[in-house]
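S.K.: Shown below is the structure under consideration.
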């Protein structure tokens, strides 16, 4: 049986990050990361912050990269920004469907962000997103961006 309490806490922490609309009311920033492209390197600030809190380093998990990539691509294609994805799926549904057995799970999303670095800067400055990034129960991650939308999946395997 999965650890229900950590998963519930993590699911409650699933939050979105969105900047104010661009001047002139335009759509989110134009594509800086092509659909289907993963951006998996972690910024040194995140690694250092996790070390300061005693959290273990995050390991890149290609299966979570793929989950993040599909959700980022779906958001970019549909404009339906949120944690709900294709067919009403949640992060837990998407990660489980990809075959990753998880014991804890979280997801950070952002839009209108021009780069991986800017996404992390925004997440680290947001208390809810920072909590996800620094949660010691998360050991694996996947990250992807598509047309200014960014998705990071954080997890601990079963």
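Residue numbers (mature numbering (1 follows the signal peptide of the UniProt record, and there is no 0)): -22 to -1, 1 to 136. All C-beta atoms in this analysis are idealised placements derived from N, C-alpha and C, irrespective of residue type, glycine included. All figures in this text were calculated on a predicted structure; none of them were measured in a lab.
Name the residue from 47, 81, 112 and 46 whose alpha carbon lies nearest to the alpha carbon of residue 30.
M.R.: Here the closest residue by C-alpha is 112.
S.K.: Note the first and the last residue of the continuous alpha helix (DSSP H) segment covering residue 53.
M.R.: 40 to 56
S.K.: Give the DSSP bridge partners of residue 134, in chain order.
M.R.: 82
S.K.: What does a CB cutoff of less than 6 angstroms around residue 78 pick up in its chain, not counting 5 residues either side in sequence?
M.R.: 41
S.K.: Could you name the residues that DSSP lists as bridge partners for residue 37?
M.R.: 118
S.K.: Determine the DSSP secondary structure at residue 124, reduced to helix, strand or coil.
M.R.: strand
S.K.: Counting pairs of Cβ atoms below 8 angstroms between the segment 95 to 110 and the segment 48 to 66, do you hit three or more?
M.R.: no
S.K.: Sort 63, 46 and 91 by Cα distance to residue 132 and report the nearest one.
M.R.: The shortest Cα separation from residue 132 among 63, 46 and 91 belongs to 46.
S.K.: How many angstroms separate the CA atom of residue 57 from the CA atom of residue 44?
M.R.: Going by C-alpha positions, residue 57 is about 19 angstroms away from residue 44.
S.K.: Contact defined as beta carbons within less than 8 angstroms: I believe residue 119 pairs with residue 19. What is the distance between those atoms, to the nearest angstrom?
M.R.: Rounded, the Cβ-Cβ distance is 11 angstroms, inconsistent with contact.
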